[in-house]
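Student: This is the structure I want to talk about, given as C-alpha cells.
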Amino acid sequence: MVNTLLVPEIRDLLRKKSYTFLKEFFSEIHEKEAAELIVPLPPSDIWKVLNLFDEHRRAEIFTYLEMDVQVKMISGGLKRHVLDLLTPMSKDDRADLFLHLEKNIADKLLTYLPSRERADVLHLTSYEEGTAGALMTSDFVALNEKDTVAQAIKRIRKIAPGKETVYYTYVLSDEGVLMGFVSLRKLILTPPRKLVSDIMKTDIIYAGVTDDQESATNLINRYDLLAIPVVNSERKMLGIITYDDAIDIMREEQTEDMERLMAISGPVEEKPYLDISIMTHFKKRVVWVIILGFFGILTGMIIQGYQKTLESLIILAFYMPLLNAAGGNTGSQSATVVLRSLALNQLQPQDFLKVLRKEFVVSSLLALCLGLITFLRVHLLTNPSQIAPGFTLLSIAFVIGLALAIQVVWSTLFGAIIPIIATRIRIDPAVFSSPALATIVDMGGVVIYFTMAKLILHI
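Note that my numbering has the sequence shown beginning at 1, numbered continuously upward.
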C-alpha cells in the first residue's frame, strides 16, 4: 500500500515545477504504486506526471489508474496527449477503455488513431461482454509451421517489444489455423535448422471466442498456463488471454459470487469500499433486503397460524431459534460446497442424484448428532413445572429433537439441489444460494416443527 501522505508533497513539487526530482522519484517505484499516488490528483496534474516518462512507461502507469479516472482523462484530454497515450497501450487495455467511453467520444477518438490500431479496437470491442473474445488481446507471437527455429527466433526478436508475452509462440498454418505452440525455452534449446513443426506441441488447450470468460480463465487455472489461445469456429486463432487478465476475472467472479451469496445485487464495483457512494451501497442491497423482509413476514404469518399450538405448549417457542439456526447453517454449508464444486467444474448438473445421495447420508449423520443433543438438552435440563398438564417431558423432547433432525435433512438437501437446478436452467446459482435460502429454509422449518407437534402431541 502506497503512503498517501506523499500526495501533498507531489502536489507541492508540481506547483514548484520540480520535474527532475519527480521523474527520479517515480522512476524508482513500480507503475502500480505510481498510479496509486497520482490518482487523487486532478487530470491536469496527472498529465504532467505522465509526460515525464517515455511512451511505454506512461501507458503502463495509465492502465493502473481506476477506470473512471482513465475515462475522465481521455474524455477531456488534448488530442496530442491522447494519441501519445493510446497508441502504445496494450491492445486489450485500450479496447477495455473504449468500451467504457461514451459513444460519441469513442467514435471521435477512433478517427485520431492510425488505421491499424483503429481496426484492432473495432475488432476487440465487437465481442459480447463476458465472453473470451471480449477478454482477449491480439498481442501474440505467431509463427508459420514451415519456419525453421532460426527464422522463428529472428522473428521473435523483431516483434517482441510490441507483444504482451513471448513465452508462448503459436504455430499457425498459411490460413491462420492454430496448429500448435512452442515455448521460448524450447526454441532456444533446439538446433537452428530444425523446423518449428517438428518441435511444436499439438495437444493444445484453447478457448472458443464465444465461450464464457469464466470457463476460459478456469482453463488457465486448471492447466497452469501463462496464456491460452482464443480461436473461432474454424479454429483460426484470434488472440490470447493472459494469466494476469485471468486473475482479474477470477477475482471479479469470486467477488460477484460472494456478494450474491450475501444478497448484494448489481455489478461488482472496481472502486475500494470507501470510494463507493452511500446511494450505490443502498441500491445494491435494498432489493434483496425488501424481498427477504417479505419472506420474513410470510414466516411470521405461518407462525401466527399455529398460535393455538403455541398457547397450549409455550416451551415450543423456546426452541424455534435453535431449529431455524440449525437449518440455515446446514443449508448454507451444503450450498457453499456444491457451488464451489460447480464453479471449479468438479460437478455437473447430471450429477444431481449422486449429490443427493451423498448429502442425504451427511445430513442424516448431522441430524442424528443434533437431534440427540437437543433431545437430551430438553429432557434433562427442562424444569417439569414448565410443562402444561396432559403432556410429558419425554414426548416434548422427542418432538423437538425429531423436528430438528428433519429440519437438518431438509435444509441440507434443499441447499445442495438448488445450485444444481439453477445451473441446469442457466440461472446464476449464487442468486438462489443467498440468504433467500435461509429464509425459505426457515419457512419450511416452522411448518415441520409445528406439524410434528400436532401429529405426535395431538395439540
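Ideal Cβ positions, reconstructed from N, Cα and C, are used throughout, including at glycine.
The structure displayed is predicted, hence computed values, not measured ones.
(1) Can you tell me the Cα-Cα spacing of A59 and D120, whole angstroms?
(2) Quick one: Cα of L65 to Cα of I228, how far?
(3) Within the chosen definition, does the region 102-120 reach the region 197-214 through at least 3 CB pairs nearer than 8 Å?
(4) Can you tell me the Cα-Cα spacing of R424 and A134, whole angstroms?
(5) By DSSP, does L347 sit in helix, in strand, or in coil?
(6) Leaving aside the five residues before and after A397 along the sequence, list all residues of the same chain whose C-beta is less than 6 Å from its C-beta, in chain order.
(7) Less than 6 Å between C-beta atoms, sequence neighbours within five positions excluded: which residues of the same chain meet that for D211?
(8) Measuring CB atoms only, is the region 349-365 touching the region 439-459, in the sense that at least three cross pairs come out at less than 8 Å?
(9) Hey, how far is the Cα of D245 from the Cα of E164?
(10) When the Cα atoms are used, what is the spatial distance from L310 to I247?
(11) I'd like the span of the beta strand (DSSP E) that includes Y170, first residue to last.
(12) Would you mind sorting R94 into buried or exposed? The rule is 16 or more other CB atoms within 10 Å of its CB.
(13) Rounded to a whole number of angstroms, what is the C-alpha to C-alpha distance between V307 and I290?
(14) Do I302 and V446 have their beta-carbon atoms positioned less than 8 Å apart in this structure?
(15) Let me check understanding here. Comparing Cα to Cα, which of L393, G328, A343, Q348 lies closest to F414?
(16) Just the Cα atoms here: how many angstroms apart are V2 and L99?
(17) For the beta strand (DSSP E) that F181 lies in, which residues bound it at each end?
(18) Report yes if the CB atom of L313 is closer than 8 Å to the CB atom of A403, and no otherwise.
(19) On a CA-only basis, which of Q151, E24, N221, A216 is nearest T190? Give me that one, please.
(20) Run through DSSP, which three-state label would A207 get?
(21) What residues in its chain sit with their C-beta under 6 Å from that of I387, if we drop five residues either side in the sequence?
(22) Compute the Euclidean distance between the alpha carbons of I188 and K283, then round it to the nearest angstrom.
(23) Would you decide whether P42 is buried or exposed? Buried here means 16 or more other CB atoms lie within 10 Å of its CB.
Tutor: In short:
(1) Distance between the alpha carbons of A59 and D120: 17 Å.
(2) If you draw a straight line from the Cα of L65 to the Cα of I228, it comes to about 26 Å.
(3) Touching, no, given that fewer than three Cβ pairs across the two stretches are closer than 8 Å.
(4) Approximately 25 Å between the Cα atoms of the pair.
(5) In this structure, DSSP gives L347 a state outside helix and strand, which the three-state scheme calls coil.
(6) Once the five neighbours on either side are set aside, the close Cβ partners of A397 are F375, V378, H379.
(7) Cβ-Cβ distances below 6 Å link D211 to A132 in the same chain, with the five nearest sequence neighbours on each side left out; the list follows chain order.
(8) Segments in contact, no.
(9) Using only the alpha carbons, I get a separation of about 11 Å.
(10) Distance between L310 and I247, taken at the CA atoms: about 54 Å.
(11) Y170 -> beta strand (DSSP E) spans 168-172.
(12) With 16 or more other Cβ atoms within 10 Å, it is buried.
(13) According to the sequence provided, residue 307 is Gln. The question's Val does not apply to it. Taken atom to atom, the span from the alpha-carbon of Q307 to that of I290 is near 26 Å.
(14) Yes. Within cutoff.
(15) With distances taken between Cα atoms, F414 lies closest to G328.
(16) Only weak support is given to the placement of V2: the predicted model assigns it a pLDDT of 49, under 50, and the value that follows is read from those uncertain coordinates. Rounded to whole angstroms, V2 to L99 spans 29 Å at the Cα level.
(17) Start and end: 178-183.
(18) Not a contact, by the Cβ cut-off of 8 Å.
(19) Answer by Cα proximity: Q151.
(20) Of the three classes helix, strand and coil, the one that applies to A207 here is strand, per DSSP.
(21) Around I387, the same chain offers L393 as residues with beta carbons nearer than 6 Å, after the five sequence neighbours per side are excluded.
(22) When the Cα atoms are used, I188 and K283 turn out to be separated by approximately 56 Å.
(23) Around the beta carbon of P42, fewer than 16 other beta carbons sit within 10 angstroms, so the residue counts as exposed.
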